[in-house]
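**Student:** Sharing a structure, written as structure tokens. Questions coming.
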Amino acid sequence: MHKSRFRKAVEIIIFSVFIFFLFAPLLSLGIWSVALRWYWPNTLPQKIGFDYWLQALGITKSLTLGAVNVIPAFLLSLGIAIIVVIVTMAIAIPAGYSLAKLKIPALLKGIILILFLLPRAFPQQPVFINLMFMFNKIGLTGTVFGVILVHVVVGLVFAVWITASTFSSIPPELEEAARSVGASRLKAFLKVTLPISTPGLIASAVFVFLTSMDEFTGTFFIGIPFVTTLPMTLYSASGSNIQFASVIAILLLIPSILFMIVIQKFLKAEHLGGIGG
Amino acid sequence: MENNLKNELAVGNSEIGVGAERPHSYTNILPYILVFPAVMVILLLYLYPFLASFWKSFISKEGVLSLANYEKTLRLYRYDILFTFGVTAFSTFIATVLSILVAVYLRLSTGWLANSIGVLYRLPIFLPFVVIAQMMRTFLAPHGTLNLFLAKLSLVNIENPLQLFNWIGLTFGFVWKQAPFMILIILGGFQMIDKSYIEAAKSVGAKLPQIITKVLIPMNKPTILIAVTLVFCSLVGCFSFPYMLIGGKSPVTITVDIAHRVNYFGDYGVANALGVFSYILVSLLAIYYVRSMMKKGLYD
């Protein structure tokens, strides 16, 4: 009895420390986003308000806060992410299907798979600077198209793995059954395999969407200074305007948390580490 | 056993099916057509620049083959290379110990505390490093929230706050983001271990530390190694967080040096030599990762 009460107390202390370190940084971000006046060493801001939020959302247009409307940056990020999802999935679904379901000689398949594992194992930043060097020559740096290409590469590596593992989890008997009653390979795919794989494919698409929304390193080298996505706006604000930067950071984390809670059960744990590296 | 047999039968069937129904030649090249666009994208936009970082690191400013970039890199940045290795290895170590402890706790405990931790701990996994960077800038700053809080508890002298925009803050952010990811993977492995093993160990008098070191960790070694590998490799390559937290200071990580080299000096040679050093740092674990993924039979 006594011992179990002691255990409970220890458990609650550890729980409190855990909660503090988990949520205090988030809370800190939230407080800074509404702090209008906060003189050191006051524990809380003396004046709070949503001025930076209104400014960032384009509702007010004050020249004194040093914060700009981030809606254009948000729309740019959104537009890029949507195109990236369409392009990436259009490439990844056939590739994933082929790797999971069709016959490719073992050696070639091995080489292809290594190709898709390398970007996950090795640092990507040196790759991006050489891509920047290549893109400089053909005038793609600083263009939305160049940024889309980089995001496609980043997303594709995960999308191929996720779609391949989705397709390979479907028993081959189902498609065979459809084909044995005369359906073509395409029809069997569209009527049988595709509907069953939908949850996995949607999870993969959402994952690609988020990697694009959050992508930093590639955009930093290929996009700057002309393509200012939301993460780039956050980067520019973070050095100079802590409240404004905190507002953008919160705007960026909302879609990540919402989407990932919905799709995480469809994804293998290993893939989740690919977000926002 | 029964499953194996079923799979073999299924494979056998499909081979007969394809051979009998579709003798056309397009079925032979269909797999390659479908995989071609993805492979081309990776070859052109990943593998080519990846290989370019190796050979460009051997081309000097004058355009001749030399080791000049490496000489310069070691002269200017050898401390930063060691710093990168030190801070990522240390962060990975802390995250591993922490995540094993939490995963053990979650595996063995029940009740509302364990259940709520089991849900809440996942939150950082979903946040990108650029958001975490801004968060840690407000939290760890000399006049930031953590110092205010510690000063309120009289743990810190308010005139002399903790300076955390250095390896300590970097480690804190790295662990904050990656320990939850490791918990997720390692806990998944622990849950595959049947409870009877733990009961058996208990019945012969094993205490908790022994259960952890003699049962849970050895039985879960491959999963833990994969988690360590993924985390270490991603931290060596992490750019946004170090750049935003300690970008203007010294020492910094390799990734920050690469950005400075390219943006301020247009010096791709030294930047690529630094890149090769970052490849070397991850090489052992990266090769282990690729090999174990290939062995695993890919998608299961």
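Chain order of the listed sequences is U and X.
Residue numbers for the first sequence follow the numbering used here, so the first one is 1 and each next one is one higher.
Residue numbers for the second sequence follow the numbering used here, so the first one is 278 and each next one is one higher.
Built from N, CA and C at the ideal position, the CB exists for glycine as well.
1. Would you please state the rounded distance, in angstroms, between the beta carbons of Pro119 (chain U) and Val157 (chain U)? I believe it to be under 8 Å.
2. On the three-state DSSP scale, how would you describe Leu44 (chain U)?
3. Span of the beta strand (DSSP E) holding Arg37 (chain U)?
4. Buried or exposed for Tyr545 (chain X), going by 16 or more other Cβ atoms inside 10 Å?
5. Examine chain X for any beta-carbon lying closer than 8 Å to the beta-carbon of Lys265 (chain U), and answer yes or no.
6. Answer with yes or no whether the minimum CB distance from Ser569 (chain X) to chain U is below 8 Å.
7. Using 8 Å for Cβ pairs, my map puts Leu404 (chain X) next to Leu253 (chain U). What's the rounded Cβ distance?
8. Determine whether the Cβ of Tyr347 (chain X) lies closer than 8 Å to any Cβ atom of chain U.
9. Can you pull out the residues from the region 153 to 167 of chain U whose beta carbon lies closer than 9 Å to at least one beta carbon of chain X?
10. Given a threshold of 16 other Cβ atoms within 10 Å of its Cβ, counted over all protein chains shown, does Thr163 (chain U) qualify as buried or as exposed?
11. Could you tell me whether the Cβ of Pro225 (chain U) comes closer than 8 Å to any Cβ of chain X?
12. Is there at least one Cβ from chain U nearer than 8 Å to Val539 (chain X)'s Cβ?
13. Name, please, each residue of chain U whose Cβ falls closer than 9 Å to the Cβ of Tyr556 (chain X).
14. Which class does Ile31 (chain U) belong to by DSSP, given the choice of helix, strand or coil?
15. Residues in the region 246 to 257 of chain U with C-beta within 7 Å of chain X's C-beta atoms, listed in sequence order?
16. Step through the CB atoms of chain X and report whether any lies within less than 8 Å of the CB of Asp51 (chain U).
17. Look at the Cβ atom of Phe259 (chain U), then the Cβ atom of Val181 (chain U), and state whether they are nearer than 8 Å.
18. According to DSSP, Ile336 (chain X) sits in a beta bridge with which residue or residues?
19. Using the Cα positions of Leu344 (chain X) and Tyr354 (chain X), report the straight-line distance between them to the nearest angstrom.
20. In three-state terms, what does DSSP make of Ile293 (chain X)?
21. Between which two residues does the alpha helix (DSSP H) harbouring Pro94 (chain U) extend?
22. Please give me, in chain order, every unbroken run of the alpha helix (DSSP H) with length at least 4 that falls completely inside the region 170 to 203 of chain U.
23. Please report the straight-line C-alpha distance between Leu286 (chain X) and Glu173 (chain U), rounded to a whole angstrom.
24. Considering only C-alpha positions, which residue in the set U:Ile12, U:Glu270, U:Phe220 and U:Lys61 is nearest to Ile148 (chain U)?
25. So, is Phe145 (chain U) buried or exposed, given that buried needs 16 or more other C-beta atoms within 10 angstroms?
26. Would the region 123 to 140 of chain U and the region 323 to 339 of chain X be scored as touching if the rule is three or more Cβ pairs under 8 Å?
27. At a Cβ threshold of 8 Å, is Thr422 (chain X) touching chain U?
28. List, in order along the chain, the chain U residues whose C-beta lies closer than 8 Å to that of Asn549 (chain X)?
29. With a 10 Å radius around its C-beta and 16 neighbouring C-beta atoms as the bar for buried, classify Ser517 (chain X) as buried or exposed.
30. Please list, in chain order, the chain X residues whose beta carbon lies closer than 7 Å to that of Pro119 (chain U).
31. Which residue marks the beginning of the alpha helix (DSSP H) containing Ala418 (chain X), and which one marks its end?
32. Given this structure, state the Cα-to-Cα distance separating Thr490 (chain X) from Gly110 (chain U), to the nearest angstrom.
33. Of all Cβ atoms in chain X, is any one closer than 8 Å to the Cβ of Ala73 (chain U)?
34. Quick one: any contact between the region 492 to 501 of chain X and the region 467 to 474 of chain X, if contact means 3 or more CB pairs under 8 Å?
35. Spatial neighbours of Phe451 (chain X) within its chain, please: CB distance less than 6 Å, with the 5 preceding and 5 following residues excluded, ordered by chain position.
**Tutor:** Let's see:
1. So it is a contact: roughly 5 Å between Cβ atoms.
2. coil
3. Ala35 to Arg37
4. Counting the other CB atoms within 10 Å of its CB gives Tyr545 (chain X) a total of 16 or more, which places it among the buried residues.
5. Cβ-Cβ to chain X under 8 Å: no for Lys265 (chain U).
6. Not closer than 8 Å to any Cβ of chain U, the Cβ of Ser569 (chain X) fails to qualify, so no.
7. 5 Å
8. no
9. Contact annotation: in the region 153 to 167 of chain U, residues whose CB is within less than 9 Å of a CB in chain X are Val153, Leu156, Val157, Ala159, Val160, Trp161, Ala164, Ser165, Thr166 and Phe167.
10. buried
11. no
12. yes
13. Phe122, Pro123 and Pro126
14. helix
15. Ser246, Ala249, Leu252, Leu253, Ser256 and Ile257
16. no
17. no
18. X:Leu342
19. 15 Å
20. In this predicted model, Ile293 (chain X) has a pLDDT of only 40, less than 50, meaning its place in the structure is not dependable; the value taken from the coordinates is given anyway. Ile293 (chain X): helix per DSSP, three-state reduction.
21. Ile71 to Lys101
22. 172 to 180 and 185 to 188
23. Annotation note: pLDDT 39 at Leu286 (chain X) (below 50); position unreliable, coordinate value reported separately. Using only the alpha carbons, I get a separation of about 10 Å.
24. U:Phe220
25. exposed
26. yes
27. yes
28. Pro126, Ile129 and Asn130
29. Under this definition Ser517 (chain X) is a buried residue.
30. By Cβ distance, chain X contributes Tyr323.
31. Here Ala418 (chain X) belongs to no alpha helix (DSSP H), and DSSP marks it neither H nor E.
32. 36 Å
33. no
34. Contact between the region 492 to 501 of chain X and the region 467 to 474 of chain X is present: three or more C-beta pairs spanning the two stretches fall below 8 Å.
35. In chain order, Ser368 and Leu512 place their CB closer than 6 Å to the CB of Phe451 (chain X), counting only its own chain and leaving out the 5 sequence neighbours on each side.
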